[in-house]
Amino acid sequence: MTKENLSKDNGPKLDVKIGGLRLKNPVMLASGTCGYGEELSDLIDLSALGGIVVKGISLEARTGNKPPRLFETPCGLLNAIGLENVGVQSFLKEKLPWLKKNQVTTVVNILGNSIDEYEQMAALLDGQSGIDAIEVNISCPNVKKGGVLFGTDPKAAFEVTRAVKRACSLPVIVKLSPNVTDICEIAIAAEEAGADGVSLINTLLAMAIDIEKRRPVLGNVFGGLSGPAIKPVALRMVWQVSRAVSIPVVGIGGITTYEDAIEFLMAGASAIQVGTATLVKPAAGLDILHGLVDFMLQNNYQSIGELKIQD
Amino acid sequence: MTKENLSKDNGPKLDVKIGGLRLKNPVMLASGTCGYGEELSDLIDLSALGGIVVKGISLEARTGNKPPRLFETPCGLLNAIGLENVGVQSFLKEKLPWLKKNQVTTVVNILGNSIDEYEQMAALLDGQSGIDAIEVNISCPNVKKGGVLFGTDPKAAFEVTRAVKRACSLPVIVKLSPNVTDICEIAIAAEEAGADGVSLINTLLAMAIDIEKRRPVLGNVFGGLSGPAIKPVALRMVWQVSRAVSIPVVGIGGITTYEDAIEFLMAGASAIQVGTATLVKPAAGLDILHGLVDFMLQNNYQSIGELKIQD
Amino acid sequence: MKKRHFDKTARIIENLEIRPNIFLMRLACPDICSYAQPGQFCMVKSGLVQGLDPLLRRPLSIHRCHRDTGEMEFLFRVVGRGTKALSMQTSGQEVELLGPLGKGFDLKPTQIPIIVGGGLGVAPLLFLAETLSGKKGVAILGAVTKGELLRLEPFKKTGLEILVATEDGSFGNEGLVTSVLERLLAKLDDRAARDVAVFACGPHPMLRAVFSICNGYGVKCQVALETIMACGSGLCLGCAVRSSGGYMHVCKDGPCFDASRLLWE
Amino acid sequence: MKKRHFDKTARIIENLEIRPNIFLMRLACPDICSYAQPGQFCMVKSGLVQGLDPLLRRPLSIHRCHRDTGEMEFLFRVVGRGTKALSMQTSGQEVELLGPLGKGFDLKPTQIPIIVGGGLGVAPLLFLAETLSGKKGVAILGAVTKGELLRLEPFKKTGLEILVATEDGSFGNEGLVTSVLERLLAKLDDRAARDVAVFACGPHPMLRAVFSICNGYGVKCQVALETIMACGSGLCLGCAVRSSGGYMHVCKDGPCFDASRLLWE
Ligand SMILES: Cc1cc2nc3c(=O)[nH]c(=O)nc-3n(C[C@H](O)[C@H](O)[C@H](O)COP(=O)(O)OP(=O)(O)OC[C@H]3O[C@@H](n4cnc5c(N)ncnc54)[C@H](O)[C@@H]3O)c2cc1C
Ligand SMILES: Cc1cc2nc3c(=O)[nH]c(=O)nc-3n(C[C@H](O)[C@H](O)[C@H](O)COP(=O)(O)OP(=O)(O)OC[C@H]3O[C@@H](n4cnc5c(N)ncnc54)[C@H](O)[C@@H]3O)c2cc1C
Ligand SMILES: Cc1cc2nc3c(=O)[nH]c(=O)nc-3n(C[C@H](O)[C@H](O)[C@H](O)COP(=O)(O)O)c2cc1C
Ligand SMILES: Cc1cc2nc3c(=O)[nH]c(=O)nc-3n(C[C@H](O)[C@H](O)[C@H](O)COP(=O)(O)O)c2cc1C
Ligand code: FES
Ligand code: FES
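Residue numbers (the working numbering), protein chains in the order written: chain F, 1 to 311; chain H, 1001 to 1311; chain Y, 2001 to 2265; chain R, 3001 to 3265.
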């Protein structure tokens, strides 16, 4: 049944727009939890999803942090991958062609340590066929500013966003860090700099200690917390940001079931991303999509936008 | 066995000092999760604990938020009690005598909407026999400053702390909000204003939505997230703050097992508070204390301070 | 009797699915049993739960209390993960129980009890009925349809007069328990009305209707309420309901309330 | 054969506690079984888990694969909440399985296999031994004491020569599997050394010792590694180990590695 519901004629309208980015439905996979897509192709049809956000890419390949990089916490996952990635050139040569051939709506997550690096990345990705949008990960240290994260300073967030926008004609989504006093302030800065949308949240800065070994569990000491544990915090931020900006908001954080996804869409998100849940169950995104459609049918919602709670 | 281990002569030394506050051991119960003590007396001997922090008290009684006030999230509890409390006068008359009679080390958690209110509270509590310390909850809106929380602004945190310190001679612990970009900055402000210690974390601002009713679950829309879900974030903050200030740090946030408590003590906390875990299991604090003692015996730790990881 | 409560691990004697998704769990817990009063509840956690989700214990009314054997019963519906885990348990396994908690029904002024239970609302009422057993009184039990009626047989054994209402008329009176109650109260004269005490448990709209009927006839009415709870024992102040005197806490001031003290928005 | 993997719900046929805290679980999963290679693993979640804690599936090696019946076996030790939940399951219940995952042992150049399993390290090695069954080769199995030796009988049936080492000498050779291996390799001439291939699984210090011995004798050595995993399928990049060519990922590039490519700090 759900297969049919997904077709255009009967059933609710699922498509959403984030600036110039058109998604056939609001369910995407989050950066860092779906590889470069191909890894999942054995189990799910990625082209049925709204899109995928590939693992964060930098100008040069990065080797990542020293292990251990993972630790499970109550209903959460702590990771310190350290942004290991193949670098933009390998991505374009080795990963993008597969995504294009398989008609996967592809958002490229980019990261850098200076405004200049972000700008170069954007320029390199611009005009590449097969790339539908850029997601700018601003939870990175600004090496020129003593390592303060771009995502914790509205001015830095503004500047990165503007640089990326100027360097390319792709739709640009700015991905916000939750480790701030006032996330709306950062979202507004991104909006003012011309972002087509904001996505949130990235992981919460966290840690764990191995009491037998008497040292932090992660090789990197600190890591990012994701998964169901953080969902209530993510939802609150999506609620706040949706009311603070007028560009579309993409909700991320602990989304595991279709009910979770609906909470984010009701809070004001135009689309959502599934992260950790895909690590646990590769088909999580598709299950969420099917559950969403069934819910909309049962409750007579005609389009995604209608889900939003108006206050 | 564990009963004996708690005795002074054999076994490790468990006592800790937070400024002038002496605790016989580092395990306390957190404010808002152990009532005014008496509610637990049927099940556990409170005087065996390091101490308890009573439900936050204001100058006048408060009725609290409209229900629903609670919601369970994955490994977490969302609450919006709204600081319901009997007010300082009733506390002194009706609650304190029981605590005193039962030799419970008592920390009074205070809250206010202006520096003036905090100051008055501190003056009223000063010199009352049976009160061992004050914990200043600064996760409250400063009504004179447009409702910005004291705990998110280092200057406001400094001023509240100084006012409370000046108004009383009791040891003062400042309880920090985790909803900030840089918690160390706030901790340092409290230290500079003369705090005897800082305790952290209070709850993470969060929410949940009832998708059938199409509205936030909590009557207050937003609530505070506590429980195991937030432990990795709390531990990270305790680690950071312990390295940023030289006054004692009290670790709070999701502590459920003795292993959790040891993680916080290793991260640098001098003492810990058990919150949500007591709601689930009234004896959680005592179980943690016993587990801690056994661990110290097995691993040859002589005192609480030795647990701390030196980097 | 002095009020006391316990935190105990209890062994399950039997856990039966008596209707689809409705379980009757019998277990041994002499301590709690010997202090329990009708209308009180326990905070319950399944021993099958290995991790920390579900985190909180779940409130369940004490359905029955065999003081001689120290056995207790719970009657519960599978709603979510907490009750699901309880439903998966079998005899010999353990549950954690905190109880008995809260204020039960006030039985002091009870001359002629009228018990009104809608659906699963019978959960706390069988213990009450068995305690009142021997008194002249009535129990009105309701369900959507005959097949969903719960615990008719044990109620019959209490000696109370049993009236049944089913919404589809498949058994007893057609309609709601409130209609049966209304007809019953309508027959009372003023003096009898003073001697009658209604005890009700069920969905909130039913309780509101029961109270409004009782109020109309000047009959005393107690209701057993449900709210979301964290501690069940007065620590968190999370289970607030509005009363004429400000917020009350269901786990401490209730779950059984004099209905006239509550605000029925 | 084309590499494929599946996400399946499988029914448990039998779950036996063969030693204290060590379980042998047999289940039906023809799809995974027909593609599995020795050394591969599955990400496993117990059907008993109702909530979201534990959150992740747990990696378990494929212990045995009966391709004719579509039945697979896992051999696991109860370590924490994930394996605890698996241990509580009984026949007829379900588990979720993602697999077969990773790169198994490379069997191409195998002339004379020497299998070295320490403790629970035998988990992936029985499948290997049964696949190599018929070849001339050796399996060295070790444990602390006789009572903790695992799976001796099925190893015997493979036709490989079986050598046993127990640390307390209660059975077979006294000492570690590495001593037995060392004595075995010492007897080889250079030509034989080229034909031998060692396959090892066990605690990390044991693997390091095995590699260093093999290295000394110029013998090829493959090891099956363990790291914490989240996805088990190359999505998260969390399972990194250091190799001479930078980080490799245990779930994708392994778990079976040519030991000479790893950095053995
Ligand atoms: C005093 C009291 C007595 C009760 N007695 C019974 C009984 O005898 N039999 C029975 O079947 N049910 C009873 N309930 C309701 C029962 O507690 C809930 O159905 C149960 O908590 C649902 O938990 P869950 O994990 O299965 O569902 P989930 O949906 O997973 O629960 C999520 C959260 O909501 C809470 N919750 C959900 N529904 C309710 C509810 N109706 N009342 C209170 N909390 C809820 C849970 O405690 C939990 O925190 C009683 C409730 C109260 C307050
Ligand atoms: C490729 C591979 C194959 C394995 N095969 C087997 C096997 O056949 N039999 C067996 O008994 N064990 C095997 N293990 C180890 C097994 O996965 C762990 O013992 C198990 O994950 C512990 O989970 P838990 O929930 O019981 O413990 P917990 O302590 O609750 O686990 C906490 C976290 O640590 C991880 N973890 C803890 N110990 C290990 C470990 N040694 N390896 C990997 N992750 C760990 C868990 O995945 C989890 O995220 C294998 C591991 C890997 C990587
Ligand atoms: C293993 C892992 C790797 C991640 N890598 C990236 C990344 O490269 N870039 C990025 O912007 N976010 C990254 N994230 C964050 C996720 O995209 C997502 O924002 C976060 O995990 C919260 O969503 P979740 O709770 O659904 O996982 C990563 C998360 C995980 C768990
Ligand atoms: C129901 C509830 C009420 C609380 N009330 C207060 C309060 O009055 N004052 C305060 O400073 N903190 C209050 N807190 C926060 C706790 O003291 C503690 O900081 C927080 O819950 C994190 O610890 P935990 O995860 O162990 O619960 C409350 C927490 C809960 C769950
Ligand atoms: S449930 Fe905690 S006070 Fe009632
Ligand atoms: S466990 Fe995720 S990549 Fe290996």
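In this text, a Cβ means the ideal position worked out from N, Cα and C, and glycines have one as well. These figures come from a predicted structure and were not determined experimentally.
Residue-chain proximity (residue i, chain F), Cβ-Cβ < 8 Å
i	result
H:Glu-1072	no
H:Ala-1267	yes
Y:Leu-2056	no
H:Thr-1033	no
H:Glu-1259	yes
Residues that DSSP places opposite residue i in a beta bridge
i	result
Y:Asp-2258	Y:Gln-2222
R:Gly-3099	R:Phe-3006
H:Ala-1271	H:Val-1250
F:Gly-197	F:Ile-173
R:Val-3164	R:Leu-3141
Y:Asn-2015	Y:Met-2025
R:Cys-3201	R:Gly-3117, R:Ala-3224
DSSP-derived helix/strand/coil call for residue i
i	result
F:Ile-131	coil
F:Ser-90	helix
F:Met-207	coil
H:Gly-1076	strand
F:Ile-138	coil
H:Glu-1084	coil
R:Glu-3174	strand
R:Gly-3246	strand
H:Ser-1226	strand
H:Ile-1262	helix
F:Ser-169	coil
H:Val-1143	helix
H:Thr-1002	Below a pLDDT of 50, predicted positions are generally treated as unreliable, and H:Thr-1002, at 47, falls in that range; the measurement from the model is reported next regardless. The answer is helix: DSSP assigns H:Thr-1002 an H, G or I state.
F:His-290	helix
Closer than 7 Å: residue i CB and nearest ligand 4 heavy atom
i	result
H:Thr-1106	no
H:Asn-1327	No answer is possible for residue 1327 of chain H: the residues shown for chain H start at 1001 and end at 1311.
Assigned exposure category for residue i - 16 Cβ within 10 Å defines buried
i	result
Y:Val-2144	exposed
H:Lys-1165	buried
F:Leu-289	buried
R:Asp-3007	buried
Minimum Cβ-Cβ distance from residue i to chain C less than 8 Å
i	result
R:Leu-3048	The chain labelled as chain C is not found among the protein chains of the depicted structure, namely F, H, Y and R.
C-beta neighbour in chain H for residue i, strict 8 Å
i	result
R:Asp-3189	no
Y:Pro-2059	no
F:Met-207	yes
Y:Cys-2119	It is worth fixing the name first, because residue 2119 of chain Y is Gly in this sequence and not Cys. No, Y:Gly-2119 lies away from the interface with chain H (no Cβ there is under 8 Å from its Cβ).
Y:Asp-2195	no
Any non-hydrogen atom of ligand 3 closer than 7 Å to residue i Cβ
i	result
F:Leu-83	yes
Y:Cys-2033	no
R:Ser-3233	no
Cβ-heavy atom distance, residue i to ligand 6, below 7 Å
i	result
F:Leu-176	no
R:Cys-3251	yes
R:Ala-3230	yes
Neighbour flag for residue i against chain Y, beta carbons, 8 Å
i	result
R:Arg-3011	no
Residue-level contact to chain R via CB, residue i, 8 Å cutoff
i	result
F:Cys-140	no
Heavy atom of ligand 1 within 7 Å of residue i beta-carbon
i	result
H:Asp-1145	According to the sequence provided, residue 1145 of chain H is Lys. The question's Asp does not apply to it. Because no heavy atom of ligand 1 lies under 7 Å away, the Cβ of H:Lys-1145 does not count as near it: no.
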